[in-house]
């Protein structure tokens, strides 16, 4: 982003940047990139979501920076990447709907806890190496910071925990990492973790446990739990799973 293109960094109105407030607005943006989908060295960037947005990086990182990001609603963002989908310090709030999926690593990697707030906010995380990976975490509170009645759910028994990881075998160096663990204290990999209101998570569980398989397979719902048609675009719940329909 430069002073010449900051008002409309993609040239088509879908992505714009306000330098005075450090606000990057995504408005129906579909970003496909190599290396990094979004990256900046500017600290305390606000990513405002309007409409349905997506970032796809088949060979790199989704959002990558040492800086801090606040992602706020009312729209949605789906991030799919080979490496970490979210790498940095993240606050997700204001009713934002964020889905982060890493094909080979963790969905979120950070030195800082993931902070989520806002009763309408929904965050979904899945990674081949886990939902979150917090370097040097010293307590469960250093993994997730939740407020406004938000809870951690799916799969059953999911909770935050600390695991000592051997990072340099020759020097016998062990570093504590914060993960989201299962009921047996194992890191949960390749499974969706949902952070949302208890009512929302209960609704998802009810959908998965429904005995009406025809309704479960045939019906599609948006993240607000509203039934939508087959032409609907964006993140949907179908067959008890979260999908991105384009």
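Numbering (the working numbering), first residue to last: 278 to 523. All C-beta atoms, glycine included, are put in the ideal place defined by N, C-alpha and C.
- When secondary structure is reduced to three states using DSSP, residue 419 falls in the helix class.
- Selection 392, 427, 397 evaluated against residue 418 yields 392 as nearest (Cα-Cα).
- Boundaries of the beta strand (DSSP E) around residue 300: 300-304.
- Taking the Cα positions, residue 433 is about 20 Å away from residue 378.
- In the DSSP annotation of this structure, the continuous segment of the beta strand (DSSP E) that includes residue 453 starts and ends at 450-458.
- Taking the CA atoms as reference points, residue 348 sits about 19 Å from residue 309.
- For residue 458, the CB contacts under 8 Å within the same chain, skipping 5 residues up- and downstream, are 435, 436, 437, 438, 440, 464, 465 in chain order.
- If you ignore the 5 residues before and after residue 405, its C-beta comes within less than 7 Å of the C-beta of 379, 380, 381, 382, 466, 467, all in its own chain and listed in chain order.
- A distance of 8 Å or more separates the beta carbons of residue 426 and residue 353.
- Contiguous alpha helix (DSSP H) elements confined to the segment 326-409 do not occur, taking only those with 4 or more residues.
- Within the DSSP secondary-structure output, residue 296 pairs in no beta bridge.
- Burial check for residue 374: the Cβ neighbour count within 10 Å reaches 16 or more, so the residue is buried.
- Boundaries of the beta strand (DSSP E) around residue 313: 313-316.
- In this structure, the CA atom of residue 423 is about 17 Å from the CA atom of residue 376.
- Residue 424: not part of any beta strand (DSSP E); DSSP gives it neither H nor E.
- Remark: C-beta atoms of residue 456 and residue 407 approach each other more closely than 8 Å.
- Classified as exposed, residue 451 has fewer than 16 neighbouring CB atoms from the shown chains inside 10 Å of its CB.
- Residue 469 is not a Cβ neighbour of residue 421, given a cutoff of 8 Å.
- With distances taken between CA atoms, residue 319 lies nearest to 298 out of 333, 298, 305, 339.
- The beta carbon of residue 311 lies closer than 8 Å to those of 334, 335, 336, 337 in the same chain, with the five residues before and after it left out.
- Check the Cα spacing between residue 300 and each of 307, 325, 315: the tightest is with 325.
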